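Here the structure is laid out as structure tokens; the discussion comes afterwards.
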Amino acid sequence: MRPASDASHAELARVVREHAGRLAASLMRVTGDFATAEDLVQDAVLAALQHWPVEGIPDRPDAWLFTVARRRGLDVLRRESNYRTKLAQLQWPVQPEPDERLRLIFTCCHPALPQAAQIALTLRVVCGLTTAQIARAFLVRESTVAQRITRAKRKITEAGIPYRIPDAEDLTERLTEVLTVIYLLLNEGYLSTAAHAESRDLVDDAEWLAALLHQLIPTEPEVAGLLALIRLHRARVAARFDSEGGLVLLRDQDRSLWDRVAITDAARLLTRAARQRRPGPYQLQAAIVACHAEAERWEDTDWQQIVLLYDMLLHLAPSPVTRLHRAIALRYTAGPQAAMSELDNLADTLDSYHLYHATRADLLRELGQPDRGRAADRRALELTANPAEQAVLQQRITWT
Amino acid sequence: MKYVLLFVDTEQFASDLEAMGEAERARAYERVHQWFAEHADKIRGGSKLQSPETATTVRLEGGDPVITDGPFVEGKEVVSGYTEIEVSDLDEALRMVKTWPGCPVVEIRPLES
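Set out below in structure tokens:
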């Protein structure tokens with residue numbers, strides 16, 4: 000037994016995550032019933048979070064979790080004699096099992112489930128988060144998350160959502176669905192400043208999921224692309240917030256705080272993926288971030304390359320938000336006026352998006368119109384709920 | 000698992016069908032027949048429905064039954080037919096429906112077992 004303390008909170012999360020999905024997969028094999036397996040895993044995780052901080056993390060956490068789930072299972076399934084017999088026969092250690100977490104992931108991220116449920120299920124079943132942890136991370140009520148999970152599990156059973164890896168013809172499409180869930184976790188975690196011990200770092204879960212997926216399907220370049228994207232973000236996270244927790248813009252970040260080794264590794268991962276010559280939105284986004292990450296100084300940024308990558312990204316996945324980001328890069332290759340005209344084209348579609356107005360504000364100042372710039376910043380301020388972004392905008396309105 | 004496929008027509012689809020020439024329409028129907036033939040082993044029954052104008056709805060919710068003409072929901076999308084299928088799971092149903100050559104919307108609804 001290792002003693003657990005506050006410092007081992009992260010360790011606790013890591014150990015649970017490492018084993019929750021495997022436990023779910025073995026219980027799936029025994030019961031053949033997703034909802035039952037899911038319930039038992041959640042029970043075991045809750046028991047672990049209760050016992051381990053006091054008693055320490057057991058030497059074989061997998062066996063511990065399994066024993067709890069099995070005991071609970073025999074209890075819960077009193078009426079289902081079929082499961083009971085199967086569970087009773089099961090002893091630890093079981094035969095080494097193939098990693099079946101991929102099946103779990105595809106079931107959790109089935110397109111017949113609403114996206115919020117896909118996210119909640121994946122976090123609970125594959126990463127071993129509790130309902131309470133999910134609710135805290137997404138700032139929603141615990142009962143809301145619980146209801147999403149219950150409904151999704153009912154649909155899996157009643158609508159016949161299968162527990163298997165999709166056929167080759169559907170794989171790319173279904174993989175896109177899974178990658179979207181991971182990408183949303185990255186986005187959700189990216190702007191959160193929460194560093195207190197009790198809150199879960201969703202970026203951590205996003206990276207772990209992407210790495211697991213990459214290990215299980217190493218041939219898919221978009222999986223590698225998303226993993227590289229997440230790692231490139233994480234490598235620079237130390238510079239994104241100042242000592243008071245304020246957001247530091249890319250231009251002003253202390254690049255000596257960036258993890259150069261991690262950046263090089265992620266860039267290498269991306270290069271290997273690109274060799275397959277099957278470009279996709281995640282590889283391109285990662286390539287854009289790599290352009291920033293590999294620049295020693297802000298002045299060294301290869302904006303030509305970045306604009307080019309945005310052009311390719313827009314070709315594959317047209318979106319007004321991507322056009323906005325391209326316009327920001329365009330400012331450094333073609334000047335503020337060119338960027339502004341591009342922004343004018345987006346006025347209708349992005350009027351309710353705070354970054355559109357914050358970017359306009361920046362350009363207006365550069366074009367010598369500080370009053371209009373402040374007005375645009377005020378509009379941006381109305382539109383964002385993120386405290387870190389609010390602080391940056393407030394500061395700009397006050398000082399420029 | 001058993002599912003019912005609810006085929007849903009839209010105004011656009013109906014007018015597109017009307018605008019087709021005789022031969023083109025025959026080809027469109029042929030594609031639908033072919034789809035049914037290809038999946039014959041999974042199809043357990045079903046039928047095309049008469050147009051929504053032929054529907055009669057009876058509401059029993061408050062006291063006396065109220066009889067109205069027309070379908071129970073008035074909208075741009077109307078159920079125009081149904082087919083019961085038996086397949087292994089939702090993915091198989093989805094794969095089948097993705098190649099459906101007829102009306103633009105299909106709802107897949109599992110049957111209670």
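Protein chains in written order, with numbering that gives the first Met the number 0: chain S, 0 to 399; chain P, 0 to 112.
Glycine residues also receive a C-beta, built at the ideal position from the N, C-alpha and C atoms.
If you're wondering where the values come from, they're calculated on a predicted model, not measured in any experiment.
Residues bridged to P:R58 by DSSP? Listed as beta-bridge partners of P:R58 by DSSP are P:V65.
Please report how far the alpha carbon of S:M311 lies from the alpha carbon of S:L283, in whole angstroms. For the pair S:M311 and S:L283, the Cα-to-Cα distance works out to about 8 Å.
S:A360 to S:V139 span [Cα, whole Å]: 32 Å
Using a beta-carbon distance below 8 Å, is S:I160 in contact with chain P? yes
Roughly how many whole angstroms lie between the Cα atoms of P:D88 and P:M0? 6 Å
Could you tell me which chain S residues have their CB closer than 9 Å to the CB of P:D40, listed as they occur along the chain? What P:D40 touches in chain S: nothing, since even the nearest Cβ is about 18 Å away.
Rounded to whole angstroms, what is the Cα-Cα separation between S:E96 and S:T84? 20 Å
Exposure of P:Y2, with buried meaning 16 or more beta-carbon neighbours within 10 Å: buried
Which stretch, first to last residue, makes up the beta strand (DSSP E) that contains P:R43? Its beta strand (DSSP E) spans residues I42 to K47.
Give me the chain S residues within the contact set of P:E16, using Cβ-Cβ distance strictly less than 9 Å, ordered along the chain. Glu is not the amino acid found at residue 16 of chain P; the sequence shown has Leu there. Ordered by position in chain S, no residue passes the 9 Å Cβ test against P:L16, which lies about 29 Å from the chain.
By the three-class DSSP mapping on this structure, what secondary structure does P:K1 have? strand
Along the chain, where does the alpha helix (DSSP H) containing S:R259 start, and where does it finish? R259 to A273
Give a yes or no on contact between the stretch 39 to 51 of chain S and the stretch 110 to 129 of chain S, applying the rule of three or more CB pairs nearer than 8 Å. Cβ pair count under 8 Å is three or more, so yes.
Let's test the definition: count the other Cβ atoms within 10 Å of the Cβ of S:P369 and tell me whether it reaches 16, buried, or not, exposed. exposed
Could you tell me the alpha carbon to alpha carbon distance between P:L16 and P:A25, rounded to whole angstroms? Roughly 10 Å separates the two Cα atoms.
Can you find the residues in the same chain that come closer than 6 Å, C-beta to C-beta, to S:I287, ignoring five residues on each side of it along the sequence? I305 and L308
Express the C-alpha separation of S:C107 and S:W302 in angstroms, rounding to a whole number. 39 Å
Could you compute how far the alpha carbon of S:L185 sits from the alpha carbon of S:A205? 6 Å
If we define contact as Cβ-Cβ less than 8 Å, is S:P113 a contact residue for chain P? no
Select from S:L183, S:R163, S:A151 and S:P57 the residue whose C-alpha is nearest the C-alpha of S:R100. S:R163
Let me know the secondary structure DSSP gives S:F65 once reduced to three states. Reduced to three states, the DSSP call for S:F65 is helix.
Does any C-beta atom of chain S lie closer than 8 Å to the C-beta of P:M0? yes
In chain P, what lies closer than 9 Å to S:E381 by C-beta? Under the 9 Å cutoff, chain P gives no residues; its nearest Cβ is about 36 Å from S:E381.
Between S:A119 and the rest of its own chain, which residues show a CB-CB distance below 6 Å, the 5 nearest in sequence each way excluded? I133, V144, R147 and I148
Would S:H8 and S:D61 qualify as a contact pair, given that the criterion is a beta-carbon distance under 8 Å? no
Find the nearest neighbour of S:G372 within the set S:N385, S:E388, S:T383 and S:L392, judged by alpha-carbon distance. S:L392
Beta-ladder partner(s) of P:D8, from DSSP: P:V77
Helix, strand or coil: how does DSSP classify P:T98 here? coil
P:E83 (DSSP reduced to helix, strand or coil): In this structure, DSSP gives P:E83 an extended state, which the three-state scheme calls strand.
Please report how far the alpha carbon of S:L313 lies from the alpha carbon of S:V236, in whole angstroms. 27 Å
Where P:L89 meets chain S, residues with beta-carbon distance less than 7 Å: Chain S residues near P:L89: A111, A158, G159, I160 and P161.
I need the straight-line Cα distance from P:T98 to S:A338, nearest angstrom please. 44 Å
First and last residue of the uninterrupted alpha helix (DSSP H) at P:R108: It is not in any alpha helix (DSSP H) - P:R108 instead sits in the beta strand (DSSP E) that spans V104 to P109.
Suppose you measure from the CA of S:L76 to the CA of S:R102; what does that come to, to the nearest Å? Using only the alpha carbons, I get a separation of about 24 Å.
Please determine if the stretch 22 to 41 of chain P and the stretch 56 to 64 of chain P are in contact, where contact requires at least 3 C-beta pairs separated by less than 8 Å. no
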